[in-house]
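Reading through the structure tokens given below for one structure.
Residue numbers (this note's numbering), protein chains in the order written: chain A, 345 to 676; chain B, 345 to 676.
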């Protein structure tokens with residue numbers, strides 16, 4: 345199995361990308377294809393005495409920055425590392441793709457270079473988040489600012505299939521993010537989506553879910569439009585920072601509290617591990633014709649390592665075929 | 345000054361409402377008008393040896409439940425405690441209003457019985473939330489699921505005026521909740537709103553704000569539609585519960601951690617106070633012709649006490665007139 349990697353995506357590229365790839369190749373037995381400036385990749389490896397023997401490298405000039413218009417990946421940036429990697433994926437030079445680069449460019453590139461899975465209206469960015477119980481998948485967490493009910497239904501089916509296959513959740517509970525539990529709550533989008541999801545026998549739809557229930561772990565899959573999903577995802581992140589900061593203040597405020605900090609050090613570490621994005625790998629873009637994983641922009645070697653594991657699992661479990669089957673049985 | 349109170353709104357009515365009102369009358373020197381079943385109010389006071397001498401009581405039959413259709417406050421429930429209280433406010437029998445009852449009914453009742461301030465398209469529910477620095481006002485946090493740019497502009501002006509006058513924030517920073525910092529990000533609503541806010545000289549618009557920045561305290565006022573705002577508000581609440589739960593688990597997991605808990609007990613209490621909704625009072629519904637405060641559904645006496653203080657401040661600072669002035673200078 346070959347995993348194609350955008351070697352120049354994310355804040356810590358290419359060094360951490362290379363490190364994570366080396367570990368992943370060793371532990372998971374996958375072949376690695378690095379896309380990006382070949383000279384820089386080799387220099388970085390040499391300078392850090394990293395052995396990239398056996399790695400395939402596809403040379404690409406430049407990168408697409410997060411500040412650039414995403415559609416530039418099809419135009420002025422069509423030779424950047426991410427675009428070249430997508431082309432390699434589309435041409436069958438690898439089985440799955442990982443990048444920590446611009447989310448916007450990734451969505452555009454995956455949609456127009458790799459193409460969508462037949463019948464899929466829009467691919468959705470799916471993020472797995474920690475909760476008080478088991479992790480929850482939130483989608484769409486940012487690929488499509490505006491969505492229609494039939495798109496949310498496809499997200500529900502794909503999210504459910506992913507949680508079953510990769511996260512081994514039996515009969516995943518699917519909730520629709522809303523401002524109240526009653527079917528009459530929400531905008532036109534939620535009213536219509538509720539009706540469709542309720543009638544879909546291929547998912548375990550448990551109704552509307554208010555945002556306060558999400559971190560308490562009431563659902564396994566939460567579907568919403570990409571605007572709302574992105575607000576939720578980023579607030580999740582921000583609240584984590586807020587509380588970590590407050591906890592740090594508490595544990596460093598006096599000699600007494602520093603003693604307390606030492607006493608609970610291990611528990612705090614465990615908690616941090618639980619809420620650490622890099623443990624979960626990346627966010628899969630669901631609905632493309634080949635597996636695409638978006639790693640967090642600030643991914644380190646461990647995060648890349650886990651994203652590659654996730655890419656491998658997606659290929660192994662034949663996720664794309666599973667989606668195809670689930671979406672078609674859906675039509676019956 | 346007379347504060348009209350829905351004595352039967354919220355989970356802890358009427359006992360906690362009465363308790364909070366007694367304390368508020370004593371400390372703030374306001375007169376209290378309680379609306380609701382007179383017999384029950386008097387019985388509750390007597391049973392709990394609470395002195396409600398000097399309280400005006402306006403009798404009302406029944407309450408409107410959170411599960412009922414909000415518009416029923418104008419129809420089958422037009423004699424409930426909240427409806428009668430709104431009528432009293434509209435007729436000038438008091439200067440401001442407090443209720444912990446159904447948010448939906450409160451928005452409908454305030455809009456159609458008390459009426460909007462002249463020129464206001466929609467009133468917005470404004471919630472003050474704790475952050476790593478100073479509190480932030482989030483509006484609309486749930487009154488209007490669908491909004492137009494001109495509504496968001498009015499929210500920005502009212503939120504800004506409120507933070508200046510009641511929270512004493514100098515030149516409040518106003519942000520537009522969005523999925524990216526660039527002006528080109530978001531839906532049609534955000535694209536249009538950005539343009540209008542940028543050109544408004546009456547507010548200190550600092551641009552788009554991503555949800556992760558909200559709890560870090562980057563803004564004083566965050567404007568968004570009531571659907572997004574309600575998701576954000578409730579996730580804020582849910583994340584608080586999630587982290588409090590995790591912290592509790594950490595601090596009770598072993599003998600060692602219980603010692604740690606004792607060492608940082610005071611800091612934890614201080615932190616809890618910081619994030620406790622009841623300290624901030626209620627959420628003002630901004631844009632009505634008279635001050636309306638929505639207290640949290642699970643308000644206790646302290647929360648009612650603080651909501652009444654807030655109502656008093658709103659009257660004292662002549663908030664409605666301030667809105668009027670700010671919105672009109674806006675048209676120049």
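Even glycine gets a Cβ: it sits at the ideal position worked out from N, Cα and C.
Own chain, CB closer than 6 Å to residue i, minus 5 neighbours either side, in chain order
i: residue 475 of chain A; result: 559 and 561
i: residue 471 of chain A; result: 482, 485, 577 and 627
i: residue 359 of chain B; result: 388
i: residue 661 of chain A; result: 509
i: residue 408 of chain B; result: 417, 421, 424, 426, 446 and 449
i: residue 412 of chain B; result: none
i: residue 636 of chain B; result: 441, 454 and 629
i: residue 651 of chain A; result: 442, 625, 626, 637 and 639
CB contact flag (residue i, residue j, <7 Å)
i: residue 444 of chain A; j: residue 573 of chain A; result: no
i: residue 442 of chain B; j: residue 639 of chain B; result: yes
i: residue 659 of chain A; j: residue 440 of chain A; result: yes
i: residue 537 of chain B; j: residue 496 of chain B; result: yes
i: residue 521 of chain A; j: residue 568 of chain A; result: yes
i: residue 425 of chain A; j: residue 449 of chain A; result: no
i: residue 348 of chain B; j: residue 434 of chain B; result: no
i: residue 368 of chain B; j: residue 402 of chain B; result: no
i: residue 597 of chain A; j: residue 611 of chain B; result: yes
i: residue 632 of chain B; j: residue 458 of chain B; result: yes
i: residue 531 of chain A; j: residue 355 of chain B; result: no
i: residue 503 of chain B; j: residue 565 of chain B; result: yes
i: residue 615 of chain B; j: residue 590 of chain A; result: yes
i: residue 378 of chain A; j: residue 385 of chain A; result: yes
i: residue 649 of chain B; j: residue 364 of chain B; result: yes
i: residue 579 of chain B; j: residue 579 of chain A; result: yes
Distance between residue j and residue i (C-alpha atoms, nearest Å)
i: residue 625 of chain B; j: residue 453 of chain B; result: 21 Å
i: residue 663 of chain B; j: residue 506 of chain B; result: 7 Å
i: residue 370 of chain B; j: residue 346 of chain B; result: 13 Å
i: residue 468 of chain A; j: residue 492 of chain B; result: 26 Å
i: residue 361 of chain B; j: residue 415 of chain B; result: 24 Å
i: residue 392 of chain A; j: residue 357 of chain A; result: 13 Å
i: residue 665 of chain B; j: residue 447 of chain B; result: 24 Å
i: residue 691 of chain B; j: residue 423 of chain B; result: Limits of chain B in this structure are 345 at one end and 676 at the other, which puts residue 691 of chain B out of reach.
i: residue 556 of chain A; j: residue 575 of chain B; result: 8 Å
i: residue 488 of chain B; j: residue 647 of chain B; result: 25 Å
i: residue 350 of chain B; j: residue 535 of chain A; result: 31 Å
i: residue 656 of chain A; j: residue 654 of chain B; result: 57 Å
i: residue 676 of chain B; j: residue 410 of chain A; result: For residue 676 of chain B, the predicted structure reports a pLDDT of 46, less than 50, and the residue's modelled location is therefore unreliable. The matter cannot be settled from this model.
i: residue 376 of chain A; j: residue 619 of chain A; result: 28 Å
i: residue 592 of chain B; j: residue 527 of chain A; result: 34 Å
i: residue 533 of chain A; j: residue 465 of chain A; result: 16 Å
i: residue 546 of chain B; j: residue 594 of chain A; result: 39 Å
i: residue 563 of chain B; j: residue 438 of chain A; result: 45 Å
i: residue 523 of chain B; j: residue 667 of chain A; result: 28 Å
i: residue 613 of chain B; j: residue 588 of chain B; result: 12 Å
i: residue 382 of chain B; j: residue 479 of chain B; result: 38 Å
i: residue 396 of chain B; j: residue 643 of chain B; result: 20 Å
i: residue 571 of chain A; j: residue 584 of chain B; result: 23 Å
i: residue 380 of chain B; j: residue 542 of chain A; result: 40 Å
i: residue 436 of chain A; j: residue 539 of chain A; result: 39 Å
Residues near residue i by beta carbon distance below 7 Å, same chain, minus five either side
i: residue 525 of chain B; result: 551, 552 and 554
i: residue 617 of chain B; result: 623
i: residue 601 of chain A; result: 594 and 595
i: residue 671 of chain A; result: 463, 498 and 501
Sequence-distant residues of its chain with Cβ nearer than 8 Å to residue i (five each side left out)
i: residue 544 of chain A; result: 497, 500, 501 and 674
i: residue 372 of chain B; result: 652, 653 and 656
i: residue 456 of chain A; result: 418
Output, in sequence order along the chain, the residues in the stretch 546-558 of chain B whose CB is closer than 7 Å to any CB in chain A.
554, 555, 556, 557 and 558
Is there contact here, the stretch 604-614 of chain A with the stretch 516-535 of chain A, by at least three beta-carbon pairs under 8 Å?
no
When Cβ atoms are compared, which residues of the stretch 468-483 of chain B fall closer than 9 Å to chain A?
474, 475 and 476
Of the residues that make up the stretch 490-509 of chain B, which ones have a beta carbon closer than 8 Å to any beta carbon in chain A?
490
Beta carbons nearer than 7 Å to chain B: which residues of the stretch 405-433 of chain A have them?
none
Give the residues from the stretch 519-539 of chain A that approach chain B closer than 7 Å (Cβ to any Cβ), ordered along the chain.
521, 523, 530 and 531
Any C-beta of chain A within less than 9 Å: which residues of the stretch 629-656 of chain B qualify?
none
Near-chain B residues of the stretch 431-459 of chain A - C-beta to any C-beta below 8 Å:
none
Just by C-beta distance, which residues in the stretch 356-374 of chain A are closer than 8 Å to chain B?
none
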